[in-house]
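Student: The sequence shown begins at 17 in our numbering and counts up by one.
Below you'll find the structure I mean.
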Amino acid sequence: MVLVLNGVLQDDCPMDTNSLFLQHPVYRDYAQQLHSIQAKSVGPVGLLYVGQRELAASAPHDKHVNIIGADDATTCIIVVVRHSGSGAVALAHFDGSGVDEAVCTMVSRVQELAVGYPEGRIELQLIGGYRDAKGYGEDVFFSIMQSFHNHLLEIDLTQACVGELNTMMRGEISCPIIYGVGVNIKTGEIFPASFPDRGPDRELRDARIFMGAQSVLDVYDSSLGMLRIGPFNYDPLRGADLWLSQTDEFLLQHLSSSPDVEPPHFAPQTRATIRFIQENQFPAVTVFRDNRPRYFRRDDGTGCWVLVRY
């Protein structure tokens, strides 16, 4: 019972976004402040991109990361945990799977990175989970709130741009207002963002989700300053050719929780992922040789991630 809402320690966890906003209308103001910030398109230099069912943590002294961010969140929710004293931050892209374990990992990573720095509070920000007709976003919201409410530390919810506060109408269709956010590691600034470059290893990382992995993968080793993918495996995909022969609309309707509001790259990215799975039916053999993760370091010249060759 340690979730703090608008500065007040809570005995009970809000059951849904409506309850939260009714009891604590100040979150409407916080969401409006986020909406008022100009959205940025963030390039790959200095970026640590976090995909669906992934998390990563960094701190201001990390010379390898300037921006940590995620996008493509419709019914998903992007979660930011930050230590106010040290500036250490963890970011995750949750779709409802693996939330309990990932929440514990996020808080632990932030605590580890905050050791030796001034005292501060653990702050929580939620962005995404628009009001979809089937209530998927509400389910994700509740699972996240429960996990943080059950944590042993006091955690202060400072932003909840979710549900109706992240929903607008486009004709008769409800749409997300904000699809993604970035966090400036050095300043702590959080802003609406999109990320044209979602790498490295985008198809490999998406393949893990497509093939049903339920855990949230920690993709960054802050002690080494390296992005780390895997190792993991999955079973061969039956009917890959059949999937690839379908129209974009078919892929949208059958593989998205929110087909009416997906960004334009959803179908092409999905096709690329299926082709990757088709070509790498056993990634433990073809991708993660000797059961090693794939490590990427920041190239000093370009500022982009490059694969470390062993």
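From the three backbone atoms N, C-alpha and C, an ideal C-beta is built for every residue, glycine too.
For the candidate residues Pro192, Gly255, Pro247, whose alpha-carbon lies nearest to that of Thr90?
Tutor: As a working note, residue 90 is residue 74 in the sequence shown. It is Pro192.
Student: So what does DSSP say about Arg313, is it helix, strand or coil?
Tutor: Taking the first residue of the sequence shown as position 1, residue 313 is located at position 297. Here Arg313 sits in strand by DSSP.
Student: Count the other CB atoms within 10 Å of the CB of Met17; is the residue buried (16 or more) or exposed (fewer)?
Tutor: Position 1 of the sequence shown, counted from the start, is the residue given in the question as residue 17. In this predicted model, Met17 has a pLDDT of only 39, less than 50, meaning its place in the structure is not dependable; the value taken from the coordinates is given anyway. Exposed is the call here.
Student: Buried or exposed, going by whether 16 or more other CB atoms sit within 10 Å of the CB of Thr33?
Tutor: Within the sequence shown, residue 33 is the residue found at index 17, counting from 1. By the neighbour-count rule (16 or more Cβ atoms within 10 Å), Thr33 is buried.
Student: Per DSSP, Ile160 is paired with what?
Tutor: Position 144 of the sequence shown, counted from the start, is the residue given in the question as residue 160. According to DSSP, Ile160 bridges with nothing at all.
Student: For Leu36, which of helix, strand or coil comes out of DSSP?
Tutor: Here the question's residue 36 lines up with position 20 in the sequence shown. Leu36 falls in the helix class under three-state DSSP.
Student: Identify the residues that DSSP records as bridge partners of Gln141: which are they?
Tutor: As a first step, residue 141 is located in the sequence shown; it is residue number 125 there, counting from the start. Note: Gln141 sits in a beta bridge opposite Val96, Gln175.
Student: By alpha-carbon positions, which one of Gly196, Leu140, Ala104, Gly114 ends up nearest to Pro76?
Tutor: As a first step, residue 76 must be located in the sequence shown, where it is residue number 60. Residue Ala104 is the option with its Cα nearest to Pro76.
Student: List the endpoints of the continuous beta strand (DSSP E) containing Ile16.
Tutor: Absent from the structure is residue 16, since the part of the chain shown begins at 17 and ends at 326.
Student: What separation, rounded to the nearest whole angstrom, lies between the Cα atoms of His40 and Leu64?
Tutor: Start at 1 with the first residue of the sequence shown, and residue 40 comes out as number 24. Start at 1 with the first residue of the sequence shown, and residue 64 comes out as number 48. Taking the straight line joining both Cα atoms gives about 33 Å.
Student: If you drop the 5 nearest sequence neighbours on each side, which residues of the same chain put their C-beta closer than 8 Å to that of Val232?
Tutor: Translated into the one-based positions of the sequence shown, residue 232 becomes position 216. So the qualifying residues of the chain are Arg69, Glu70, Leu71, Ala108, Phe110, Ser113, Gly114, Val115, Glu117, Ala118, Thr121.
Student: Report the option in Ser100, Phe248, Asn200, Lys202 whose CA atom is closest to the CA atom of Ala223.
Tutor: Walking along the sequence shown from the start, residue 223 turns up at place 207. Ranking the options by Cα distance to Ala223, first place goes to Phe248.
Student: Just list the residues that DSSP pairs Glu70 with in beta bridges.
Tutor: Counted from its first residue, the sequence shown places residue 70 at position 54. Its beta-bridge partners are His109, Leu233.
Student: With DSSP as the reference, label Thr183 as helix, strand or coil.
Tutor: Counted from its first residue, the sequence shown places residue 183 at position 167. Strand, per DSSP.
Student: Out of Trp321, Ser102, Leu140, Gly187, which one is the CA nearest neighbour of Leu169?
Tutor: Locating residue 169 in the sequence shown gives position 153, where the first residue counts as 1. With distances taken between Cα atoms, Leu169 lies closest to Leu140.
Student: Spell out a yes or no on whether the segment 123–139 and the segment 180–195 are touching, meaning 3 or more CB-CB pairs, one atom from each, closer than 8 Å.
Tutor: No, they do not touch.
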